[in-house]
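K.L.:
The following block contains the structure, expressed as C-alpha cells.
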Amino acid sequence: MRKLFKPSTSKIKWQGSSDVMRQALDLSRTVTSRLQIFMVVICLLFSVVWVRLYQVQILSQDEYQEKLEQYTKKYQTFTTPRGEILDRDGNVLVANRERLAITYLRPYGVTSSQEWELAYQFVEQFEIDASGLKTRDLKDLFITLYPDQAKAKITQEDWDDYYDGKLSDNDIYLLKLERITAEDLSILDQNTQEAFIVKSAIDTPPSGNVKIIKNDVTLNEAAYLVEHSDQFPGFDIAINWGRVYPYGDLLGSLIGTISTPKQGLPAEKLLYYLAMDYARNDVIGRSGLELQYEDLLKGNRAVYDIEYDEETGFGKLIEIEAGSKGQDLITSIDVELQKQVEEIIFKIMTREANNPYRKYMDAIYVTVMKPDSGDVLSLAGMKRTSTGTLYNDPVSVYTDAVVPGSIVKGATVYMGLSENVIRPGEVIFDTPIKIKDTPAKASWKNLGNVNDLQALSMSSNVYMFNIAMRLGGADYVYNGPLNIDVSAFDTMRYYYNQFGLGLLTGIDAANEAVGYIGTSTMGGHLLDFAIGQYDTYTTIQLAQYVSTIANNGIRVQPRIVTHATLANTDIVTYQNDVTVLNVLENKAALKRIQQGFRLCVTDGLCRGFLKGTGISIAAKTGTAQNFLTTPQGEYVSSPNSNLVAYAPYEKPEIAIACSVPNAWNEESQSNICQEITANIFTAYFK
Numbered sequence: 040m041r042k043l044f045k046p047s048t049s050k051i052k053w054q055g056s057s058d059v060m061r062q063a064l065d066l067s068r069t070v071t072s073r074l075q076i077f078m079v080v081i082c083l084l085f086s087v088v089w090v091r092l093y094q095v096q097i098l099s100q101d102e103y104q105e106k107l108e109q110y111t112k113k114y115q116t117f118t119t120p121r122g123e124i125l126d127r128d129g130n131v132l133v134a135n136r137e138r139l140a141i142t143y144l145r146p147y148g149v150t151s152s153q154e155w156e157l158a159y160q161f162v163e164q165f166e167i168d169a170s171g172l173k174t175r176d177l178k179d180l181f182i183t184l185y186p187d188q189a190k191a192k193i194t195q196e197d198w199d200d201y202y203d204g205k206l207s208d209n210d211i212y213l214l215k216l217e218r219i220t221a222e223d224l225s226i227l228d229q230n231t232q233e234a235f236i237v238k239s240a241i242d243t244p245p246s247g248n249v250k251i252i253k254n255d256v257t258l259n260e261a262a263y264l265v266e267h268s269d270q271f272p273g274f275d276i277a278i279n280w281g282r283v284y285p286y287g288d289l290l291g292s293l294i295g296t297i298s299t300p301k302q303g304l305p306a307e308k309l310l311y312y313l314a315m316d317y318a319r320n321d322v323i324g325r326s327g328l329e330l331q332y333e334d335l336l337k338g339n340r341a342v343y344d345i346e347y348d349e350e351t352g353f354g355k356l357i358e359i360e361a362g363s364k365g366q367d368l369i370t371s372i373d374v375e376l377q378k379q380v381e382e383i384i385f386k387i388m389t390r391e392a393n394n395p396y397r398k399y400m401d402a403i404y405v406t407v408m409k410p411d412s413g414d415v416l417s418l419a420g421m422k423r424t425s426t427g428t429l430y431n432d433p434v435s436v437y438t439d440a441v442v443p444g445s446i447v448k449g450a451t452v453y454m455g456l457s458e459n460v461i462r463p464g465e466v467i468f469d470t471p472i473k474i475k476d477t478p479a480k481a482s483w484k485n486l487g488n489v490n491d492l493q494a495l496s497m498s499s500n501v502y503m504f505n506i507a508m509r510l511g512g513a514d515y516v517y518n519g520p521l522n523i524d525v526s527a528f529d530t531m532r533y534y535y536n537q538f539g540l541g542l543l544t545g546i547d548a549a550n551e552a553v554g555y556i557g558t559s560t561m562g563g564h565l566l567d568f569a570i571g572q573y574d575t576y577t578t579i580q581l582a583q584y585v586s587t588i589a590n591n592g593i594r595v596q597p598r599i600v601t602h603a604t605l606a607n608t609d610i611v612t613y614q615n616d617v618t619v620l621n622v623l624e625n626k627a628a629l630k631r632i633q634q635g636f637r638l639c640v641t642d643g644l645c646r647g648f649l650k651g652t653g654i655s656i657a658a659k660t661g662t663a664q665n666f667l668t669t670p671q672g673e674y675v676s677s678p679n680s681n682l683v684a685y686a687p688y689e690k691p692e693i694a695i696a697c698s699v700p701n702a703w704n705e706e707s708q709s710n711i712c713q714e715i716t717a718n719i720f721t722a723y724f725k
C-alpha cells in the first residue's frame with residue numbers, strides 16, 4: 040500500500056558524530072528558547088513601567104505636583120489665643136489680651152553678616168533688655184565676633200592633642216570658654232550685647248520661619264517700624280497673645296503659669312511635645328490648671344504658607360488654616376467666696392502676728408466644698424514667710440499634710456459600730472488609760488460616763504481608745520502590757536479610707552499628696568491612730584471626709600473644673616462628671632456620727648462661734664500634738680488646731696475643713712478654726 044506521508048527524519052546526519060556534539064547542539068537550542076522567553080518578559084516589564092510613567096508624568100501630573108509641593112513647602116504656624124478660665128458664675132479668672140510684637144522673616148538671599156548689621160541697626164531704634172545675658176552667653180558672643188582672639192586661647196600642645204585625637208571639637212570650644220577672661224568680655228559693649236539678643240532670636244530654629252524679635256511692643260514702636268519698613272527688611276508687626284488676670288494673684292498657684300515664646304517647650308518633655316505636633320517655641324501650660332488642662336486650653340494653630348517675591352526677595356504669609364481659640368474652662372470656684380475666705384484668714388493671721396502664744400502659727404489651710412458634687416468652692420492656704428510677708432498658696436490644701444487630731448473620731452465611732460465592738464448609745468467611763476512603761480493616755484479632762492454621741496461632742500479620747508483596744512482584741516489591764524492583733528491597723532485604715540482619709544482624693548490637680556502612713560504596729564500607736572495622732576492628711580482629704588458624712592455616706596471625688604465649652608459659646612466639649620468613689624453601707628452608724636457632730640455645736644466643744652452664727656451646723660474640732668524645731672534649734676511643743684463642719688445640718692450645702700499647724704504654744708489657746716469656719720459660713724449664707 041502506498042504511504043501518503045513520509046516519516047519525518049532529521050536532516051542532520053549523525054553518522055560519525057560524537058555524543059558530545061549532539062549534546063552541544065541540544066543545549067544551544069534550549070538556551071535560544073529560554074533567551075527568547077526572557078526577552079519577552081523584559082519587554083512586558085518595560086511596557087508596565089512605561090505605562091506607569093505615562094500615568095504619573097502625563098495623566099496624574101497635577102496630582103503629584105501638588106503632593107510634591109505639600110511635602111517640600113515650609114509652613115509657618117502661629118499660636119492662637121488659649122481658652123479662658125472662669126469661675127462657676129462666669130466670672131473670668133484668666134483672660135487673654137492682644138500684644139503687639141515685632142517679627143522677622145528672613146528675605147531670600149540675606150546672609151548672616153547682613154543680619155548682624157540689621158541687628159545693630161535694630162537696637163539703635165528699639166529698646167532691648169540685655170540684663171538676662173549670662174556670662175556663658177557673652178563668652179559665646181566673644182567667640183562668634185572675635186574668632187581669632189578666641190583661637191589664640193588654644194595652645195600648640197592643645198592642637199597637638201586635637202590632631203592626635205585626644206581632644207574633640209567640643210573640647211577645644213570648652214577650652215576657649217574656660218580661658219576667656221572678664222577683660223576679654225569688656226570689649227562687648229551694650230549695643231553689641233543687645234544686637235546679640237536680636238541675632239539669637241533671628242537664628243532660633245527652625246530656619247525659614249517667622250521669628251518673634253520683641254514682645255509687648257508699644258504703639259509708638261510699631262508706628263516707627265511701619266514708617267521705616269524700608270530700613271528693616273524682613274521685619275514686621277504681628278499680633279501676639281498674653282494672659283491677663285482680672286483678680287490679680289488670686290488663686291495664682293492653682294491656675295498656674297504658661298511659658299513664653301522664648302522659653303518654649305520644657306526640655307524635660309521636649310520629645311513628647313514635638314511628637315504631639317507642638318513647635319519648639321509654642322506657649323504651653325507649665326503648672327496648675329494651665330498644665331493639667333493643656334489639651335483643652337490650647338488653641339488650634341493658624342497655618343500660613345511662605346511665598347517670596349522674586350524681585351525683592353521679601354517673604355509674605357499666605358493663610359492656609361485660620362486656626363481657632365482654645366476651649367474655655369468652667370471651674371467650680373466661687374471667686375467671691377474665695378475672696379472672702381482669703382480676707383478672713385488674712386485678718387486672723389495679721390491679728391495674731393504678735394500674739395506670744397501663737398508665735399509659730401505661720402499657715403492656715405481652708406477648703407470649702409459641696410458635699411453632693413465634690414465642687415471645690417474655695418481653696419486657701421495663707422502662709423507667712425520668714426520676713427513676715429503673707430501670701431496665699433491654694434495648692435497647699437492638697438500638697439501639705441497635717442496631723443488631724445480628734446476630727447477623725449467620727450470615722451473611729453463608725454468603725455466601732457460597724458465592727459460591733461460598741462453598741463449605739465453604749466456608755467464608757469472616761470478615765471485615763473495606762474499601758475506599761477508608757478505615760479498615761481487620757482482625754483482633755485476626765486469626762487466620766489459618756490456614750491458615743493457625747494464622746495464625739497465632748498471629744499473623748501478614752502472612748503476611742505476602748506474602741507481601738509476592742510478592735511485589736513486586747514485584754515486591757517491598768518499599767519499592764521497591751522497586746523493587740525496587728526491586723527487592727529489594716530481594719531482601721533480600711534474604714535478611714537472609706538471616708539477619704541489616707542488616700543488620694545482624685546482632685547483634678549497635679550501633685551496631690553497622700554500624707555504620712557504609719558508603719559509601726561505597737562499597741563500604743565493603734566490608740567494614737569484612733570484619735571488622729573498617727574497618720575497625717577491633707578486638708579482636701581479632711582474636706583472629703585466631712586463631705587462624706589454630710590452626703591449620707593456617699594464619697595464623691597473633688598473637682599475644680601466642671602466642664603469646658605467652645606470659646607464664647609455654651610457648647611459643652613468636655614464634662615467632668617460627678618464621680619462617686621464609694622458608699623458607706625451602715626446608715627444607722629452614719630446617723631450616729633451626724634448626730635454627734637450636731638451635738639458638738641449645740642452642747643459640746645464646737646459651740647461658741649459656730650452656735651452664734653444662728654446657722655444649723657454640724658462639726659467636729661480637733662487638737663493634735665505637734666512639735667517643731669525653732670530657728671534657735673530648740674525642740675518645742677506647738678499643737679495643731681483643726682475643724683471640719685457642714686451646714687445646714689438638715690440638708691447640707693457646703694462642707695468646710697480648716698487646719699492650722701502649730702496653732703499655739705506654751706499656753707493653750709482657743710481653736711482658731713472655729714472663728715474662721717463661723718465667719719465663712721456667715722459669708723456664704725448671708
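Using the numbering used here, the letters of the sequence shown correspond one by one to residues 40 to 725. For every residue, glycine included, the Cβ atom is placed at its ideal position computed from N, Cα and C. Quick caveat: nothing in here was measured; it's all calculated off a predicted structure.
Which residue's Cα is closest to the Cα of N254: I276, E266 and S239?
P.N.:
The residue you call residue 254 lines up with position 215 of the sequence shown. The shortest C-alpha separation from N254 is found at I276.
K.L.:
Could you check if A717 belongs to the surroundings of the ligand GDP, using beta carbon to heavy atom distance under 8 Å?
P.N.:
Among the components modelled here there is no ligand, and therefore nothing to report on the ligand GDP.
K.L.:
Cutting at 8 Å between CB atoms, please list the residues of its own chain near G55, excluding the five before and the five after it.
P.N.:
Position 16 of the sequence shown holds residue 55. Residue confidence is low: G55 scores 48 on pLDDT, short of 50, so the model does not pin down where it sits. Its coordinate-derived value is still stated next. Nothing meets the Cβ criterion.
K.L.:
With respect to the alpha helix (DSSP H) encompassing N500, which residues constitute its N-terminal and C-terminal limits?
P.N.:
Counting from 1 along the sequence shown, the entry for residue 500 is found at position 461. Run containing N500: N500 to L510, per the alpha helix (DSSP H) assignment.
K.L.:
In chain order, what residues of the same chain lie with their CB nearer than 6 Å to the CB of T370, ignoring the 5 residues before and after it?
P.N.:
For this step, residue 370 is matched to residue 331 along the sequence shown. Closer than 6 Å at the Cβ level, and outside the excluded window around T370, lie D126, I599 and V600.
K.L.:
Apply the 10 Å Cβ neighbour rule to Y311 and answer buried if 16 or more other Cβ atoms are within range, or exposed otherwise.
P.N.:
Taking the first residue of the sequence shown as 1, we reach residue 311 at position 272. Exposed, by the Cβ-count rule.
K.L.:
Excluding the 5 residues preceding and the 5 following D367 in the sequence, name in chain order all residues of the same chain whose CB lies nearer than 7 Å to its CB.
P.N.:
Here residue 367 refers to the residue found at position 328 of the sequence shown. Only G122, E123, L125, A603, T604 and A606 meet the Cβ criterion.
K.L.:
Smallest Cα separation from L323: which of L290, W280, L356 and V342?
P.N.:
To locate residue 323, count along the sequence shown from 1; it is residue 284. Residue 323 is actually Ile in this sequence, not Leu. Per the Cα distances, W280.
K.L.:
According to DSSP, is G661 helix, strand or coil?
P.N.:
Here the question's residue 661 lines up with position 622 in the sequence shown. Strand.
K.L.:
Which residue comes first and which comes last in the alpha helix (DSSP H) that contains L184?
P.N.:
Walking along the sequence shown from the start, residue 184 turns up at place 145. Here the alpha helix (DSSP H) through L184 covers T174 to L184.
K.L.:
May I have the straight-line CA-CA distance separating D208 from V133, to the nearest angstrom?
P.N.:
For this step, residue 208 is matched to residue 169 along the sequence shown. For this step, residue 133 is matched to residue 94 along the sequence shown. Going by the C-alpha atoms only, they are around 48 Å apart.
K.L.:
Given a cut-off of 9 Å, decide if Y404 and D439 are closer than it, judged by their beta-carbon atoms.
P.N.:
The count along the sequence shown starts at 1 and reaches residue 439 at position 400. The count along the sequence shown starts at 1 and reaches residue 404 at position 365. In contact: D439 and Y404 (Cβ atoms closer than 9 Å).
K.L.:
One question on the structure: do Q229 and A169 come within less than 9 Å of each other, judged by their Cβ atoms?
P.N.:
One-based indexing of the sequence shown puts residue 229 at position 190. One-based indexing of the sequence shown puts residue 169 at position 130. Taking 9 Å as the Cβ cut-off, Q229 and A169 qualify as a contacting pair.
K.L.:
If you run the structure through DSSP and keep just helix, strand and coil, what is I467?
P.N.:
Along the sequence shown, read from residue 1 onward, the residue named residue 467 stands at position 428. In this structure, I467 counts as strand in the three-state DSSP scheme.
K.L.:
With distance defined between alpha-carbon atoms, name the residue in E233, R145, R532 and V149 nearest to E163.
P.N.:
Locating residue 163 in the sequence shown gives position 124, where the first residue counts as 1. Per the Cα distances, E233.
K.L.:
Specify the secondary structure class of Q708 as computed by DSSP and reduced to three states.
P.N.:
Taking the sequence shown and counting its residues from 1, one reaches residue 708 at position 669. Note: Q708 maps to coil in three-state DSSP.
K.L.:
Helix, strand or coil: which one does DSSP assign to R73?
P.N.:
Indexing the sequence shown from 1 puts residue 73 at position 34. Helix, per DSSP.
K.L.:
Near L649, which residues of its chain fall below 8 Å by C-beta distance, leaving aside the five closest residues on each side in sequence?
P.N.:
In the sequence shown, the residue the question calls residue 649 occupies position 610. Within the same chain, L649 has close Cβ partners V640, I656, A658, A684, Q713, T716, A717 and F720.
K.L.:
Looking at C-beta atoms only, is the number of pairs between the segment 492-503 and the segment 414-428 that lie closer than 8 Å three or more?
P.N.:
Because the criterion of three Cβ pairs below 8 Å is not met, the segment 492-503 and the segment 414-428 do not touch.
K.L.:
Let me know the secondary structure DSSP gives N339 once reduced to three states.
P.N.:
Here residue 339 corresponds to residue number 300 of the sequence shown, with the count starting at 1. Three-state result, N339: strand.
K.L.:
Considering only their Cβ atoms, is the gap separating G449 from I570 smaller than 9 Å?
P.N.:
If you number the sequence shown from 1, residue 570 lands on position 531. If you number the sequence shown from 1, residue 449 lands on position 410. Taking 9 Å as the Cβ cut-off, I570 and G449 do not qualify as a contacting pair.
K.L.:
Taking its Cβ as the centre, do 16 or more other Cβ atoms sit within 10 Å of S72, making it buried, or is it exposed?
P.N.:
In the sequence shown, counting from the first residue as 1, residue 72 sits at position 33. Under this definition S72 is an exposed residue.
K.L.:
Tell me whether Q614 sits in a helix, a strand or coil according to DSSP, three-state version.
P.N.:
Counting from 1 along the sequence shown, the entry for residue 614 is found at position 575. Residue state, collapsed to three classes: strand.
K.L.:
Quick check: what's the CA-CA separation for K215 versus P300?
P.N.:
Looking up residue 215 in the sequence shown gives position 176. Looking up residue 300 in the sequence shown gives position 261. Computed Cα separation, rounded: 31 Å.
K.L.:
Does the count of Cβ pairs from the segment 620-639 and the segment 484-497 closer than 8 Å reach three?
P.N.:
The segment 620-639 is in contact with the segment 484-497.
K.L.:
Report back the beta-carbon spacing between T578 and S698 to the nearest angstrom; my notes put them in contact at under 8 Å.
P.N.:
For the purposes of this step, residue 578 is identified with residue 539 of the sequence shown, where counting begins at 1. For the purposes of this step, residue 698 is identified with residue 659 of the sequence shown, where counting begins at 1. That pair is a contact at about 5 Å.
K.L.:
Pull up the distance between the alpha-carbon of P305 and that of E329, whole angstroms please.
P.N.:
In the sequence shown, counting from the first residue as 1, residue 305 sits at position 266. In the sequence shown, counting from the first residue as 1, residue 329 sits at position 290. Spanning the two alpha carbons is a distance of roughly 14 Å.
K.L.:
Apply the 10 Å Cβ neighbour rule to S246 and answer buried if 16 or more other Cβ atoms are within range, or exposed otherwise.
P.N.:
The residue you call residue 246 lines up with position 207 of the sequence shown. Per the 10 Å Cβ criterion, exposed.
K.L.:
Run through DSSP, which three-state label would T601 get?
P.N.:
As a working note, residue 601 is residue 562 in the sequence shown. Strand at T601.
K.L.:
Leaving out five residues on either side along the sequence, give the residues of the same chain with a beta carbon under 6 Å from the beta carbon of V525.
P.N.:
As a first step, residue 525 must be located in the sequence shown, where it is residue number 486. For V525, where only same-chain residues beyond five positions count, the Cβ hits under 6 Å are T560.
K.L.:
I need the boundaries of the beta strand (DSSP E) containing S559, first residue and last residue.
P.N.:
If you number the sequence shown from 1, residue 559 lands on position 520. Where S559 is concerned, there is no enclosing beta strand (DSSP E), given that its DSSP letter is neither H nor E.
K.L.:
L144 by DSSP, collapsed to three states: which one?
P.N.:
Sequence index remark: in the sequence shown, residue 144 carries index 105 (1-based). The answer is coil: DSSP assigns L144 none of H, G, I, E or B.
K.L.:
So, at 7 Å on beta carbons, what are the nonlocal neighbours of S709 in its own chain, with the 5 sequence-adjacent residues on each side left out?
P.N.:
Here residue 709 is taken as the residue at index 670 of the sequence shown, counted from 1. There are no such residues.
K.L.:
Where DSSP assigns a beta bridge to W89, which residues make up the other side?
P.N.:
In the sequence shown, counting from the first residue as 1, residue 89 sits at position 50. For W89, which the question treats as bridged, DSSP gives no partner whatsoever.
K.L.:
I want to know whether the segment 628-635 touches the segment 689-697 - three or more CB-CB distances under 8 Å.
P.N.:
The answer is no - the segment 689-697 does not touch the segment 628-635, with fewer than three Cβ pairs under 8 Å.
K.L.:
Between the segment 462-482 and the segment 512-525, do at least 3 Cβ pairs fall closer than 8 Å?
P.N.:
With a cut-off of 8 Å, the segment 512-525 and the segment 462-482 count as touching, because enough Cβ pairs lie within range.
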